[in-house]
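Take a look at the structure below.
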Amino acid sequence: MHLNNNFDKLRIRYFNILIFKNGYYRIVNTLCQNQKKRFTSKLCVTCKRCMIECAARHSQSQDVILASFEDPAPVPRIYISFRKDKPHATYCQNCKNPKCRESCEYGAITKFEDGNVIIDQEKCTGCWACIEACPFGAITKEAEMAVAFNCDDCKGYDDMACVEACKTSSLHYVEKKVVVTAG
Numbered sequence: 001m002h003l004n005n006n007f008d009k010l011r012i013r014y015f016n017i018l019i020f021k022n023g024y025y026r027i028v029n030t031l032c033q034n035q036k037k038r039f040t041s042k043l044c045v046t047c048k049r050c051m052i053e054c055a056a057r058h059s060q061s062q063d064v065i066l067a068s069f070e071d072p073a074p075v076p077r078i079y080i081s082f083r084k085d086k087p088h089a090t091y092c093q094n095c096k097n098p099k100c101r102e103s104c105e106y107g108a109i110t111k112f113e114d115g116n117v118i119i120d121q122e123k124c125t126g127c128w129a130c131i132e133a134c135p136f137g138a139i140t141k142e143a144e145m146a147v148a149f150n151c152d153d154c155k156g157y158d159d160m161a162c163v164e165a166c167k168t169s170s171l172h173y174v175e176k177k178v179v180v181t182a183g
């Protein structure tokens with residue numbers, strides 16, 4: 001990301017750190033639990049580095065090189081493909097009323113207060129009803145373990161591997177909207 005002037009630098013919010021690396025300014029998030037990711041297709045160069053880093057983050061070794069030797073091979077929770085000649089990212093949209101959760105008869109899918117929709121792989125029976133129900137195609141099967149999984153926004157980490165891996169900022173952080181209800 002090139003910053004044209006000091007005004008651009010000031011627009012970066014307090015929970016981000018601006019670093020300069022390899023001739024580019026890069027935004028490094030420090031509080032990703034308050035944020036969600038967004039994809040801007042016109043910036044994507046389809047390098048698929050986000051997919052590689054995601055798979056590595058969710059692998060046993062959590063290392064890009066070592067993960068490539070693991071059996072079963074780790075699978076990313078984000079997919080970059082082409083739709084109508086434009087890059088497209090497929091990942092969990094953390095729906096307000098998730099159809100996947102409604103379709104799961106085993107209570108394996110939970111929508112948390114922070115908005116994340118997570119599949120509990122210990123409760124998942126591999127019926128694949130959630131895969132059929134997801135309108136975004138964001139739920140995948142883990143064939144070896146016969147369970148479903150989706151993007152967990154790297155829950156338990158300080159950053160999202162896919163966003164941090166994206167050199168063009170086509171994947172980037174945006175603030176989550178906090179909905180306050182009277183009660």
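Taking the UniProt record's numbering, the leading residue of the sequence shown gets 1, the next gets one more, and so forth. Don't be surprised by glycine CBs; every beta carbon is placed ideally from N, CA and C.
Next item on the list: Let me know the beta strand (DSSP E) ranges lying completely inside the stretch 22-96, each 3 residues or longer, listed in chain order.
Entry: 24-29, 35-39, 79-83 and 86-90
Next item on the list: Round the Cβ separation of N116 and N94 to the nearest angstrom and send it over; I've been treating them as touching at under 8 Å.
Entry: What you label residue 116 is simply residue 116 of the sequence shown in a count that begins at 1. What you label residue 94 is simply residue 94 of the sequence shown in a count that begins at 1. Rounded, the Cβ-Cβ distance is 6 Å, consistent with contact.
Check: What distance in whole Å lies between the Cβ atoms of A108 and I119, which are believed to be in contact at a cut-off of 8 Å?
Finding: For the purposes of this step, residue 119 is taken as the residue at position 119 of the sequence shown. For the purposes of this step, residue 108 is taken as the residue at position 108 of the sequence shown. That belief holds up - the Cβ atoms of I119 and A108 are roughly 6 Å apart, short of 8 Å.
Next item on the list: Indicate whether R77 and D158 have their beta-carbon atoms separated by less than 9 Å.
Entry: For the purposes of this step, residue 77 is identified with residue 77 of the sequence shown, where counting begins at 1. For the purposes of this step, residue 158 is identified with residue 158 of the sequence shown, where counting begins at 1. For R77 and D158, no; Cβs fall outside 9 Å.
Check: At what residues does the alpha helix (DSSP H) containing I131 begin and finish?
Finding: In the sequence shown, counting from the first residue as 1, residue 131 sits at position 131. Per DSSP, I131 belongs to the alpha helix (DSSP H) from A129 to A133.
Next item on the list: Can you grab the Cα-Cα spacing for the pair E113 / T46, in whole Å?
Entry: Locating residue 113 in the sequence shown gives position 113, where the first residue counts as 1. Locating residue 46 in the sequence shown gives position 46, where the first residue counts as 1. Straight-line Cα distance between these residues: approximately 33 Å.
Next item on the list: With a 10 Å radius around its C-beta and 16 neighbouring C-beta atoms as the bar for buried, classify I139 as buried or exposed.
Entry: Indexing the sequence shown from 1 puts residue 139 at position 139. Counting Cβ neighbours within 10 Å, I139 comes out buried, since at least 16 surround it.
Item checked: Residue closest to M51, alpha-carbon to alpha-carbon, out of V75, S61 and D71 -> Residue numbering aside, residue 51 sits at position 51 when the sequence shown is read from its first letter. Cα-wise, what sits closest to M51 is V75.
Next item on the list: Could you tell me which of C124, A165 and H172 sits nearest to F149, measuring between CA atoms?
Entry: Residue numbering aside, residue 149 sits at position 149 when the sequence shown is read from its first letter. It is C124 whose Cα lies nearest to the Cα of F149.
Next item on the list: Flag this pair as yes or no: are the beta carbons of A67 and Y79 separated by less than 9 Å?
Entry: Along the sequence shown, one-based indexing puts residue 67 at 67. Along the sequence shown, one-based indexing puts residue 79 at 79. No; because the gap between Cβ atoms is not below 9 Å, this pair is not in contact.
Note to self: Need the endpoints of the alpha helix (DSSP H) that A161 sits in, please.
What the structure shows: As a working mapping, residue 161 is identified with position 161 in the sequence shown. Residues A161 to A165.
Check: Where does Q62 land, buried or exposed, given buried means 16+ other C-beta within 10 angstroms?
Finding: Start at 1 with the first residue of the sequence shown, and residue 62 comes out as number 62. Exposed is the call here.
Margin query: I'd like to check one pair, K155 with K36: are the Cβ atoms closer than 9 Å?
Written below: The residue you call residue 36 lines up with position 36 of the sequence shown. The residue you call residue 155 lines up with position 155 of the sequence shown. No, the pair does not count as a contact, with Cβ atoms beyond the cut-off.
Margin query: Buried or exposed, going by whether 16 or more other CB atoms sit within 10 Å of the CB of A56?
Written below: One-based indexing of the sequence shown puts residue 56 at position 56. Its Cβ being crowded by 16 or more others within 10 Å, A56 is buried.
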